[in-house]
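Step one of this worksheet: look at the structure below.
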Amino acid sequence: MTVSHKAKVVVQYLVPASTAYFLLGAYLVTGVLEQGELKKGLGYLAVATVVTTLVQDIIPKPVKEAWVFLRARHRLPGYRAFTNAASHPDRIDTARISEYATLRDERPDVQQRSFYQVFKRNADKPNVEHYSFRYLAWRDTSALLLLLSLVTVPAWALSETDIPLRPTVWLSGLTLLASVLTATAARQMGNELVVQVLSTETLGETK
């Protein structure tokens, strides 16, 4: 049985991201990463696996997409796939796309449905699978980091801890920056996925 993309995203991206958040928080508070903190970080891995899987399922997909593409409606680039196809003449042969002349001027929802059909036909191609996984990985990582950033200061306020506010704010800010960077990566991978799918459909598999 092959490991699902979802499980791979958790192990390869979400668990390391949440563990890094924990260790960064410890460093900002103490100024050093002592062996005890590193051991706690390793012990946190088991908990992080469960927590990040839960978070991955709790955050609605539309919310993740809206954060990545900064759109409330028609978020995915597939909604504009055929309209934008002409921007890549060296990689997409629009003459080989069935009903392209009609699709490029269609409503976004029609374009998305047509693009999804093309995607499903090519989903098992290595290049398409690669960019699909990278998009999902960065999208979910960005959503997790955004959530951690938003809850950091409120959690500090409710915990009545002796930890100063300043490192808490730094942790929240750096985590938000990481979320923005990973959202940018997800957006780039999502846009490239559309190009890869249409290129594979019209010209064969590409790198």
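Each residue of the sequence shown is one higher than the one before, counting from 1 in full-length UniProt numbering. All C-beta atoms in this analysis are idealised placements derived from N, C-alpha and C, irrespective of residue type, glycine included.
Requested in this report: Would you tell me roughly how many angstroms separate the C-alpha atoms of P108 and V197, rounded to the nearest one?
Outcome: 17 Å
Query raised in the report: Relative to the C-alpha of P154, which residue among L171, A143 and D140 is closest?
Result: L171
Query raised in the report: Any idea what DSSP makes of R139, helix, strand or coil?
Result: helix
Query raised in the report: Roughly how many angstroms lie between the CA atoms of T2 and L136, to the nearest whole one?
Result: At T2, the pLDDT of 49 sits below 50, so the modelled position is not reliable; the number obtained from the coordinates is stated separately. Those two C-alpha atoms are separated by around 17 Å.
Query raised in the report: Per DSSP, what kind of secondary structure is L70 in: helix, strand or coil?
Result: coil
Query - Sequence ranges, alpha helix (DSSP H) only - wholly within the stretch 68-116, length at least 4 - result: 81-84 and 100-103
Query raised in the report: Would you say F82 and L76 are within 8 Å of each other, going by their C-beta atoms?
Result: no
Query raised in the report: Per the contact definition of three or more C-beta pairs closer than 8 Å, is the stretch 115-131 in contact with the stretch 144-159?
Result: no
Report task. Pick helix, strand or coil for I59, following the three-state DSSP scheme. Result -> coil
Query raised in the report: Considering only C-alpha positions, which residue in the set R134, Y27 and T52 is nearest to Q188?
Result: R134
Query raised in the report: Which same chain residues, not among the five before or five after S18, have their C-beta less than 6 Å away from its C-beta?
Result: A48 and T52
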